[in-house]
Amino acid sequence: MPRSSSRKSAPPKSSSVHSSDVGRSGKSSSSKAVMKESERIDHLFDSYANSSSGMIEPEGIEALCSDLGVVHTDVRILMLAWKMKAEKQGYFTQDEWQRGLKALKADTLTKLKKALPELEKEVWGPPNFLDFYAFAFQYSLTEEKQKTIDIESICLLLVLVLGSQFRPQVDRFIEYLKIQNDYKVINMDQWKGFFRFCNEISFPDLQNYDPDQAWPLILDNFVEWMSAKQS
Amino acid sequence: MTMNERKTIDLEQGWEFMQKGITKLKNILEGLPEPQFSSEDYMMLYTTIYNMCTQKPPHDYSQQLYDKYRESFEEYITSTVLPSLREKHNEFMLRELVKRWANHKVMVYQEVNGKVRDAVISLIDQEREGEQIDRALLKNVLDIFVEIGMGQMDYYENDFEAAMLKDTAAYYSRKASNWILEDSCPDYMLKAEECLKREKDRVSHYLHSSSEPKLLEKVQNELLSVYANQLLEKEHSGCHALLRDDKVEDLSRMYRLFSKITRGLEPVSNIFKQHVTAEGTALVKQAEDAASNKKAEKRDVVGLQEQVFVRKVIELHDKYLAYVNDCFQNHTLFHKALKEAFEVFCNKGVAGSSSAELLATFCDNILKKGGSEKLSDEAIEETLEKVVKLLAYISDKDLFAEFYRKKLARRLLFDKSANDDHERSILTKLKQQCGGQFTSKMEGMVTDLTLARENQANFEEYLSNNPHANPGIDLTVTVLTTGFWPSYKSFDLNLPAEMVKCVEVFREFYQTKTKHRKLTWIYSLGTCNINGKFDPKPMELIVTTYQASALLLFNASDRLSYSEIMTQLNLTDDDVVRLLHSLSCAKYKILIKEPNTKTISPTDYFEFNCKFTDKMRRIKIPLPPVDEKKKVIEDVDKDRRYAIDASIVRIMKSRKVLGHQQLVMECVEQLGRMFKPDFKAIKKRIEDLITRDYLERDKDNPNLFKYLA
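Protein sequences appear in the order of chains W and Z. Counting the first sequence from 1 gives a position; this note's numbering is that position plus 14. Counting the second sequence from 1 gives a position; this note's numbering is that position plus 661.
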C-alpha cells in the first residue's frame, strides 16, 4: 500500500518540491475531501520526499521547516523526529512519517503546524522527556557504529534540549567542556549523567554532589573545576 | 580382756572417767604442768568409749557421750579459747589463732574471720610499705581460710580475698595518683614493674595461687590502665620522648607492662607509628631540601642525594625493625605500625622522583660497575635484601619494575653489570616478594644475554667456516627477545654502507639458525670502535652507532651543515642535536663547529677536526642518555589502563551486576599487589568500558553497573 501510493503520487512532486507545497497541500486536501487520513498523510509525505530514495531527505526537511515556519535546528523539529521515532538524522522514512503524523492526528500541514505546541507540551512532560533526551543523543549518531558525539555538537545539542530548563547548568557545563582537554567526545552514559546531575544536584553550590557515587568522571571533573573557580 | 564377761559400764561412771581425760588434755593445751598421755592412757580412754557405744540398748550411750563431749568442748572454746583470742590483737592474735587452730581445728572461724582478715590485710600493707613481716605466719593464717572450705575456695574468696583485692586497689590507687604527678614515665614504669613483681612474690609466699591473676589485674589496673594515656603522653619522658632518645630498655619495659593490660599496646603502637612516620618524613624533607639546594649549583651529579636518602631510609628501617623485634617482642601490632609508617613516607618521592624510581636507581648504583657504592659481596647481598624489603611499602611496584627493567637493560647491554650472581640474586628476592609475574621479563633479559653470548660464538664460527660471508668489520650482535625488554626505537638510522653489509651478513647467518623469526635492529643501542686518523696520531674512538654514523659522513665530505647531517642520518632533531653536541661541544671536539658556541643550532656547520688529539690512545665519547623518566611513566600508565580494564571486566564477568563502590573496591584489591589504582583512573576506565559496550549502567539505579556479555 504505501509503496504504490508513493509511486502514484511521486512523479508530479519531484520536480516542484520547493515552490508549491503550501498551495498544493491546501488544494489537495480541499479537492479530495473524501481521502482517508492515511492517504492524506502519505500525500503530504510525497510532497517532501525524494522520489528516487522514497524518503524525505535533508532538502525535504528544509522545505517542511520553512512551510511550518520554523528553522530546521528548532527543537520542535527534533521533537517531531522523536515522535516519528526517526532513526537517521536528516531523513524521514514513510513509516516514520506515518507513525508520527498519525500520533499527532495531523494529516495536513496546517494541522501539523497546530500540533506542534501540543507536541512540545507532551515532550516536556516528565515521563517523555528522558526518552526524548536520550533520543536526541541517539539521533545525532550519524555514522555506523558511532557511539560518541564530539564536544562541539554536544554543546549545541545541550542548548537545544536542556537550554530552556537548566540554562545555568548548561552554560557552565559548556564553558567547562570547551576549556578541558581530557575529553574529545561524549558517550550516552555521560549524556544521561548530565541530565541526572541537572535534576539531582543543587546548583550552583553543588552541596549534595558526592564524587564517591558512580557519577561519570567527566562530571566529577566538572564539579572540581567549578569548585576551584568558586574558591 | 575377756569377750564374754564384759561389764556393762553405766553413763555416769564412764563419763567421769572421760572427764578426767578431757581435763588432762585441757591442761596440756593450756600449757599447764601435766604429764603427757601415755599409750596406756589413750588405750583406756578409747576402750571405754568403744565399749559404751557398743553396749546393747538401753546401755548404748553413743548419743549421750557425743552430746556431753560437745558440751564440754564448747564450754572450753567459749570460756578459754575465744577470750584468749579476743584479748590479743594483730600479730599476737594471729599467733594465738594459729596456736588455737593447730590445737583444735574448731569453728573459731565464724567468730574471728573478720578480724583476722583485717589483720592480714594490714600486715600486707605494712609489707608493701617495706616493713618486714612474718610471711610464714600469714601463710598459716591464710591456710585456715582455704582449709575451712574443705576443697571449696568460697571462704577464702569471700571472707578474705575480696577485701584484700579491694584494699589492694585502694592502696595502689593512692600510690599511683602520687607517682603519676611526681615521677617521670621511666621511673613510674620501674616502680610499677617492681610492684607487680612484689605482688607476684607475695602470692608465691603466702597468698593462695588462685589469687595471682586477680591481684595482678587489680594492680595493673590501678597503676597502668587508669593512667595509661597520662603516662604515655608525659611530655618530657613519655613514649614519644623514649623513642626520640632511643631509650630501648624503657621501651621494652613499656611493652612488657602495657602488654598486660587490655588494649594497652594500641596507644603505644600508635605513638610508635607516629614517631617513625615523623622520622621518615623528616628524611624526605631533608632530601628535598638537599635536592633543591643542589639545583642552583649542579644538577649533573645524578641523584647522589637521592642515593643518600635511600641509604638513610634503609637505616631507619633497620633501626625500627630492631625495635619491633626486640623492644616490642615481634608483636604484630608493631609490625603493622612500622609498615603503615613506612607506607606513608615511602610513597612521597623526592624532588620529582617517585620512590619507585629512587629504589630502582639505588639498585642500579649498587649493581653496576663503578657505582658510587663500594661494597663487599656480602654487603651488596645484604643491601639488596633490604631494598627489596622496602619495596614492600611502595604502592607503585609496577613503576619500580619498569624503571628497574630500563636500568637492567642498560647494565646488560652496555656491559655495565658488575656481577651476574648479584643480578640473579636480587631477581630471586624480588620474585619471592612480588611473585613470578613481576620478574619474568627481567629474568628473560638476563637469560637473553647468556644466550646472546652463545649466539655470538656461533656467529664467529660461522664466519670462519664461510669465508665468503665477510662483514668487513668485527661485529657483535646481541639478539634479544621482544617483550622482555623495554621498547626502543628501531630502524630509524640511515646506516652507513659499511654497516649495512654487516647487517646483511648477520641476517644470513641468523636465517640458517632459525626460521620465522623477525630481526628488528635497534641502532640506538649500538656501540662502535672506530679509528680516527688525526694528524698528531691515530686514535681509537669508542662511540655509539649514532655517533659513528655521523663521523663516517665526514669520510665523504669535509664540511657538512646541520640539515645535511640530519637528512643523511635520517634522525630526529633531538637525536641529531644530542649526538652533534657530544662530538663538537663536549670534552672531545672531534668535529669543529661553526660558529664555535656551546649549543647546537640548525644553522651550524661542522668540519672534521684533524688536529684533535688526547694523551690517551683510546677514548670513549659519551652520549648522554635521553631522560627516560617520562617514557617510563607513560608506559606504566598505559599498562595500568589495560590492567584496570582487565580487572573490571574480570570482576563484572563473575559478578554480572555490581554497585559502583564495590566494583572500585574489588578492583583496588585485585590490583593492589602491583599498584594502587587511582579512583579517577578506575572511573575513567568504567566510562570507557561503557562506551565500548562492556558495561552498562542500570536504568533505575545509577550506582549499579551491569556486565554486557
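For every residue, glycine included, the Cβ atom is placed at its ideal position computed from N, Cα and C.
Item                                                                                                                                                                                : Value
State the CB to CB distance for the pair GLU1348 of chain Z and GLN204 of chain W, rounded to an integer number of angstroms; the pair is presumed to be in contact (CB under 8 Å). : 7 Å
Between which two residues does the alpha helix (DSSP H) holding TYR727 of chain Z run?                                                                                             : 723-737
Is GLU71 of chain W helix, strand or coil by DSSP?                                                                                                                                  : coil
Is the stretch 1017-1032 of chain Z in contact with the stretch 1067-1079 of chain Z, if contact means three or more CB pairs nearer than 8 Å?                                      : yes
Classify TRP138 of chain W as buried or exposed, calling it buried when 16 or more other Cβ atoms lie within 10 Å of its own Cβ.                                                    : exposed
Using the Cα positions of ASP1012 of chain Z and ASP1298 of chain Z, report the straight-line distance between them to the nearest angstrom.                                        : What sits at residue 1012 of chain Z in the sequence shown is Ala, not Asp. C-alpha separation (whole angstroms): 20 Å.
Could you list the residues in the stretch 198-213 of chain W with a C-beta less than 9 Å from some C-beta on chain Z, going in chain order?                                        : VAL199, ASN201, MET202, ASP203, GLN204, LYS206, GLY207, ARG210
So that I know if they touch, is there some Cβ in chain W lying closer than 7 Å to that of ARG914 of chain Z?                                                                       : no
Tell me, which residues are paired with VAL1161 of chain Z by DSSP?                                                                                                                 : Per DSSP, none; premise fails for VAL1161 of chain Z.
Using three-state DSSP, classify ASP35 of chain W as helix, strand or coil.                                                                                                         : Residue confidence for ASP35 of chain W is low, a pLDDT of 42 falling below 50, so the modelled location carries little weight; the figure read from the coordinates is stated next. Reduced to three states, the DSSP call for ASP35 of chain W is helix.
Compute the Euclidean distance between the alpha carbons of ASP1109 of chain Z and LEU1202 of chain Z, then round it to the nearest angstrom.                                       : 28 Å
Taking Cβ to Cβ, would you say LYS1009 of chain Z is nearer than 7 Å to VAL1049 of chain Z?                                                                                         : no
By the criterion of Cβ-Cβ separation under 8 Å, what are the contact partners of ALA120 of chain W in chain Z?                                                                      : By Cβ distance, chain Z contributes nothing, its closest Cβ being about 32 Å from ALA120 of chain W, past 8 Å.
Compute the Euclidean distance between the alpha carbons of ARG917 of chain Z and LEU926 of chain Z, then round it to the nearest angstrom.                                         : 9 Å
Hey, is LYS192 of chain W's beta-carbon within less than 7 Å of any beta-carbon in chain Z?                                                                                         : no
I'd like the ranges of any beta strand (DSSP E) spanning at least 3 consecutive residues and lying wholly in the stretch 94-173 of chain W.                                         : 162-164
Do ASN1216 of chain Z and ASN1155 of chain Z count as a contact pair if the criterion is CB distance below 7 Å?                                                                     : no
What residues from the stretch 1310-1325 of chain Z come within 9 Å of chain W, judged by C-beta to C-beta, listed N to C?                                                          : GLY1320, HIS1321, GLN1322, LEU1324, VAL1325
Using a cut-off of 7 Å between C-beta atoms, extract the partners of PRO230 of chain W located in chain Z.                                                                          : GLU1348
Whose C-beta lies closer than 8 Å to the C-beta of ILE1305 of chain Z among residues of the same chain, with five residues either side of it excluded?                              : CYS1328, LEU1332, PRO1338, ALA1342, ILE1343, ARG1346
Give the range of the beta strand (DSSP E) segment to which GLU1042 of chain Z is assigned.                                                                                         : Counting along the chain, GLU1042 of chain Z falls outside any beta strand (DSSP E), though it belongs to the alpha helix (DSSP H) covering 1038-1052.
Who are the neighbours of THR156 of chain W on chain Z, taking C-beta pairs under 9 Å?                                                                                              : None at all; the shortest Cβ gap to chain Z is about 17 Å.
Return the CA-CA distance between SER1222 of chain Z and VAL1138 of chain Z, expressed in angstroms with no decimal places.                                                         : 32 Å
Alpha carbon to alpha carbon, what distance is there between MET679 of chain Z and GLN793 of chain Z?                                                                               : 46 Å
Who are the Cβ neighbours of THR880 of chain Z in its own chain at under 7 Å, not counting the five residues just before and after it?                                              : A small correction: the amino acid at residue 880 of chain Z is Val; Thr does not occupy that position in the sequence shown. Excluding sequence neighbours, VAL880 of chain Z sits near THR829, TYR833, CYS856, LEU857, GLU860.
Quick check: what's the CA-CA separation for VAL1161 of chain Z versus THR1205 of chain Z?                                                                                          : 16 Å
Put CYS79 of chain W into one of helix, strand or coil per three-state DSSP.                                                                                                        : helix
Could you give the DSSP three-state label for LEU690 of chain Z: helix, strand or coil?                                                                                             : helix
In this structure, what does DSSP give as the bridge partners for ASN1192 of chain Z?                                                                                               : Z:GLU1201
List the residues that DSSP assigns as beta-bridge partners of TYR1368 of chain Z.                                                                                                  : Z:LEU1356
Quick check on LEU1252 of chain Z: does DSSP put it in helix, strand or coil?                                                                                                       : strand
Locate the beta strand (DSSP E) running through ILE805 of chain Z, then write down its first and last residues.                                                                     : Where ILE805 of chain Z is concerned, there is no enclosing beta strand (DSSP E), although the alpha helix (DSSP H) it sits in stretches over 796-809.
Could you tell me whether the stretch 1194-1201 of chain Z touches the stretch 1268-1285 of chain Z, where touching means 3 or more Cβ pairs closer than 8 Å?                       : yes
Could you tell me the distance, in whole angstroms, from the CA atom of ASP702 of chain Z to the CA atom of LYS729 of chain Z?                                                      : 20 Å
For GLN968 of chain Z, count neighbouring C-beta atoms within 10 Å of its own C-beta (all shown protein chains included) and say buried if the count is 16 or more, exposed if not. : buried
If you run the structure through DSSP and keep just helix, strand and coil, what is GLY1013 of chain Z?                                                                             : coil
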